[in-house]
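Colleague:
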Amino acid sequence: MKRKEEVKHFFEQTDIYFNFDYNIKIRTETVAEMIVDEQFDNVLDMPCGNGVISLKNKKQFEKLTLVDFSESMIALAKKYAEQENANNISFTCGDIFDTNFQDEEFDLIISLGILAHIDDIDKFLNYIQSKVKKGGSIIIQNTNSDHFYSKLIRLYLGVRKLLGKDKYSLNKVPTSLVENSFKKAGFTCQKVFRYNQSFIGFSKLFSNTKKYKLTRKWFGKVGNNKNASLGSDYIYLFKKD
Ligand SMILES: C[S@@+](CC[C@H](N)C(=O)[O-])C[C@H]1O[C@@H](n2cnc3c(N)ncnc32)[C@H](O)[C@@H]1O
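First residue of the sequence shown: 1, per full-length UniProt numbering; consecutive thereafter.
As structure tokens, this is what we get:
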């Protein structure tokens, strides 16, 4: 199977991914803490997964576009939007690079959990950077491959892959790649929140509620990010100058 199909296959099994739902809660709150009470006209969440992160923040978005190539994820996003009576939402089930926004520009793009999975990182970064208006923002997540905790995770995942439990390897993306790319494209980093989204092999020992509480206790939140240097996961808010 080609890597892209492996990724798609993995994310069609939504139950695997949603074992990590404490992390979705943290991402949702991080987006809320980063945008504070700002209102946005046109927002893109790509890839959206089950859509919860942007749909929970929808009251601050006039129009919201959700993109993901997993049919199961888009189905969950549609169900959640219906449940929440959310208006002015469009859904695209397809590859990020097949999206055609023509002249449309966004004032906020949310891209969480994609750099480890996408085929061409530079192409993806250039694409989202070009789709944001001047003065607009991008909230993007990256797991810093140079960080010691990330190296530990990689060791653990390497063993899982050897045992046939995982099919593909995650991309290695250092913070310097992300930060230099945004700097070169004329963006300024306004906020960053660092934490660890993985409990390595110990995940099953804790409930989602416990993992949420431990993460908050140890790392705090945006504006009060404790032990930041121990966090391999970065969520950035970049603003286009
Ligand atoms: C780790 S999840 C992140 C989802 C969501 N942003 C979140 O933080 O919960 C990665 C998502 O990217 C989607 N994805 C991966 N590669 C993609 C591509 N090339 N085009 C569209 N969606 C893609 C997967 O289907 C999956 O839902």
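Where a beta carbon is used, it is the ideal one built from N, C-alpha and C, also for glycine.
(1) What does a CB cutoff of less than 6 angstroms around Asn23 pick up in its chain, not counting 5 residues either side in sequence?
(2) Relative to the C-alpha of Met73, which residue among Asp95, Asn88, Glu62 and Asn85 is closest?
(3) What is the chain-ordered set of residues for which the beta carbon lies under 6 angstroms from any non-hydrogen atom of ligand 1?
(4) Among the candidates Cys48, Ile200, Val159 and Leu177, whose CA atom is the shortest distance from the CA of Ile109?
(5) Under 8 angstroms, do Thr143 and Asp68 count as touching if we go by C-beta distance?
(6) Can you tell me the Cβ-Cβ gap for Ser137 and Pro174, rounded? I've got them flagged as a contact below 8 angstroms.
(7) Ignore the nearest five residues each way along the sequence and tell me which others in Ala185's own chain have a CB closer than 6 angstroms to its CB.
(8) With 16 as the cutoff for other CB atoms within 10 Å, does Arg160 come out buried or exposed?
(9) Identify the continuous alpha helix (DSSP H) that holds Leu55 and give its terminal residues.
(10) Indicate whether the contact test is met: 3 or more Cβ pairs, each with one atom in the stretch 104-123 and one in the stretch 37-53, closer than 8 angstroms.
(11) Give me the Cα-Cα distance between Ser70 and Lys134, rounded to the nearest whole angstrom.
(12) For Glu33 and Asn100, I'd like the C-alpha separation in whole angstroms.
(13) Looking at C-beta atoms only, is the number of pairs between the stretch 83-90 and the stretch 57-64 that lie closer than 8 angstroms three or more?
(14) List, from N- to C-terminal side, the alpha helix (DSSP H) runs of 4 residues or more that fit wholly inside the stretch 11-38.
(15) Is the stretch 201-214 touching the stretch 111-126, taking contact as three or more C-beta pairs under 8 angstroms?
(16) Within a Cβ cutoff of 7 angstroms, which residues of the same chain sit near Asn227, ignoring the five residues on either side of it in sequence?
(17) If we count the other Cβ atoms within 10 Å of its Cβ and call it buried at 16 or more, is Gly201 buried or exposed?
(18) So, at 6 angstroms on beta carbons, what are the nonlocal neighbours of Lys167 in its own chain, with the 5 sequence-adjacent residues on each side left out?
(19) What do you reckon, are the CB atoms on Phe124 and Cys189 nearer than 8 angstroms?
Modeller: The structure says:
(1) Numbered from its first residue, the sequence shown carries residue 23 at position 23. Contacts found: Gln197.
(2) Here residue 73 is taken as the residue at index 73 of the sequence shown, counted from 1. That would be Asp95, whose Cα lies nearest to the Cα of Met73.
(3) Shown in chain order are the residues whose CB sits closer than 6 angstroms to a heavy atom of ligand 1: Val7, Phe11, Ile24, Arg27, Pro47, Cys48, Gly49, Ile53, Asp68, Phe69, Ser70, Met73, Asp95, Ile96, Leu112, Gly113, Ile114, His117 and Ile118.
(4) Numbered from 1 along the sequence shown, position 109 holds the residue referred to as residue 109. The residue from Cys48, Ile200, Val159 and Leu177 with its alpha-carbon nearest to that of Ile109 is Cys48.
(5) As a first step, residue 143 is located in the sequence shown; it is residue number 143 there, counting from the start. As a first step, residue 68 is located in the sequence shown; it is residue number 68 there, counting from the start. No, the pair does not count as a contact, with Cβ atoms beyond the cut-off.
(6) Numbered from 1 along the sequence shown, position 137 holds the residue referred to as residue 137. Numbered from 1 along the sequence shown, position 174 holds the residue referred to as residue 174. The beta-carbon distance between Ser137 and Pro174, rounded to whole angstroms, is 23 angstroms. This is too long to meet the 8 angstroms contact definition.
(7) Taking the first residue of the sequence shown as position 1, residue 185 is located at position 185. Same-chain partners within the cutoff: Gln129.
(8) The residue labelled residue 160 in the question sits at position 160 within the sequence shown. Result: exposed.
(9) Counting from 1 along the sequence shown, the entry for residue 55 is found at position 55. Element bounds for Leu55: Val52 to Leu55.
(10) The stretch 104-123 vs the stretch 37-53: in contact.
(11) Here residue 70 corresponds to residue number 70 of the sequence shown, with the count starting at 1. Here residue 134 corresponds to residue number 134 of the sequence shown, with the count starting at 1. Whole-angstrom Cα-Cα distance: 31 angstroms.
(12) The count along the sequence shown starts at 1 and reaches residue 33 at position 33. The count along the sequence shown starts at 1 and reaches residue 100 at position 100. Approximately 30 angstroms, taken between the alpha carbons.
(13) Yes, the stretch 83-90 is in contact with the stretch 57-64.
(14) Listed in chain order, they are 14-17 and 21-35.
(15) The stretch 201-214 vs the stretch 111-126: no contact.
(16) For the purposes of this step, residue 227 is identified with residue 227 of the sequence shown, where counting begins at 1. Only Trp218 and Phe219 meet the Cβ criterion.
(17) Here residue 201 refers to the residue found at position 201 when the sequence shown is read from its first residue. Exposed is the call here.
(18) In the sequence shown, residue 167 corresponds to position 167, counting from 1. Spatial neighbours of Lys167 in its own chain (CB-CB distance under 6 angstroms, excluding positions within 5 residues in sequence) are listed in chain order as Glu6.
(19) Here residue 124 is taken as the residue at index 124 of the sequence shown, counted from 1. Here residue 189 is taken as the residue at index 189 of the sequence shown, counted from 1. Not closer than 8 angstroms, so no.
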